[in-house]
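Colleague: Those letters in the sequence shown? Residues 1 to 251, by this note's numbering. Following this message is one structure expressed as structure tokens.
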Amino acid sequence: LKFKMERRRLVIKLFIKQRIIDLPRCRQAADDPSVTGFAKFSGCLNACIMRVLLCFVVFREQAMSELDKILAYNASFVDAEQYAAYQTTKYPERKLAILSCMDTRIVELIYAALGVKNGDVKMIRNAGAVVSHPWGSVMRSLLVAVLELRVEEIMVIAHFDCGMRGLTAQSMLDAAQARGIPADRIETLRHAGIDLDGWFTGFDNVEQSVRHTVNMIRHHPLMPSNVVVHGLVIHPSTGKLTLIEKGTRDE
């Protein structure tokens with residue numbers, strides 16, 4: 001039902017765009033003293049209708065949440081069968097997994113700069129392109145890629161000017177309290193043995209961070225020794241790669 005309503009909205013919007021050129025004529029007919037009778041009434045009516053419809057569309061655009069916009073776009077995407085260009089298998093063609101950062105500047109840049117496309121690689125992203133715990137979700141994802149999805153090579157690709165560089169636990173906890181998280185809840189977590197300071201703290205040097213993550217992956221007790229692990233840093237503007245660690249077989 002929601003999709004049908006969104007389609008109707010798009011049809012109305014298209015109708016208005018097609019008719020918008022008529023609005024000056026409608027206004028002219030409404031204001032022209034030489035136009036009388038039904039023609040004047042029609043001009044006034046059309047001008048009023050166009051104004052109302054325009055206000056309606058503008059209001060709807062402003063009122064729509066990002067979720068609403070995405071769902072509306074998705075409906076048209078599926079209806080037009082645009083997904084056909086992206087169909088592939090779950091196994092990466094190049095048998096490669098990439099751990100990278102969630103930074104918005106490299107969402108598409110990293111694919112273009114590496115020359116990879118949909119279906120080529122397993123892409124894992126988090127804040128900083130780091131493995132902070134050997135039994136966390138990032139390491140598990142890499143192991144699934146290797147043990148189940150035929151990955152033979154891993155690249156850790158961080159980037160310069162990363163938001164995790166210099167990040168402090170105190171700044172994060174201050175931000176949490178500013179967003180309504182009570183201080184006593186934070187203290188309760190500390191008393192429960194949760195290391196918030198270590199968990200929230202970023203890194204001082206991106207190259208050292210890459211080396212540390214590469215080392216954790218290479219020496220994980222469940223990572224096969226013939227999996228090659230590399231470490232790189234990408235420039236978030238130009239896409240230029242700097243090699244930090246070059247892996248070899250049987251590391």
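Note that the Cβ used here is the ideal one computed from N, Cα and C, for glycine as well.
Going by CA-CA distance only, name the one from 103, 100, 146, 125 that's closest to residue 91.
Modeller: 146
Colleague: Near residue 198, which residues of its chain fall below 6 Å by C-beta distance, leaving aside the five closest residues on each side in sequence?
Modeller: Same-chain partners within the cutoff: there are none.
Colleague: When the Cα atoms are used, what is the spatial distance from residue 141 to residue 148?
Modeller: 10 Å
Colleague: Do you know whose CA, among 221, 217, 200, lies nearest residue 231's CA?
Modeller: 217
Colleague: Ignore the nearest five residues each way along the sequence and tell me which others in residue 143's own chain have a CB closer than 8 Å to its CB.
Modeller: 220, 222, 223
Colleague: Looking only at its chain, what residues have a beta carbon closer than 6 Å to the beta carbon of residue 119, apart from the 5 residues adjacent to it on each side?
Modeller: 88, 93
Colleague: Going by Cα to Cα distance, which pick from 114, 110, 117 is closest to residue 125?
Modeller: 110
Colleague: Which same chain residues, not among the five before or five after residue 83, have their C-beta less than 8 Å away from its C-beta?
Modeller: 77
Colleague: Below 8 Å CB to CB, which residues in the same chain sit around residue 152 once its five sequence neighbours on both sides are set aside?
Modeller: Non-local C-beta neighbours of residue 152 in its own chain, meaning closer than 8 Å and more than five positions away in sequence, comprise 95, 96, 146, 226, 227, 228, ordered along the chain.
Colleague: Assuming residue 118 is part of the beta strand (DSSP E), what are its boundary residues?
Modeller: Residue 118 -> no beta strand (DSSP E), and no H or E assigned at all.
Colleague: To the nearest angstrom, how far is the alpha carbon of residue 74 from that of residue 205?
Modeller: 40 Å
Colleague: Leaving out five residues before and five after residue 244 in sequence, what residues of the same chain have Cβ atoms less than 7 Å from its Cβ?
Modeller: 207, 210, 211, 231, 232, 233
Colleague: Rounded to whole angstroms, what is the Cα-Cα separation between residue 106 and residue 134?
Modeller: Approximately 26 Å between the Cα atoms of the pair.
Colleague: Can you have a look at residue 102 and say buried or exposed, based on whether 16 or more other CB atoms are within 10 angstroms of its CB?
Modeller: Classification of residue 102: exposed, given that the 10 Å Cβ count is below 16.
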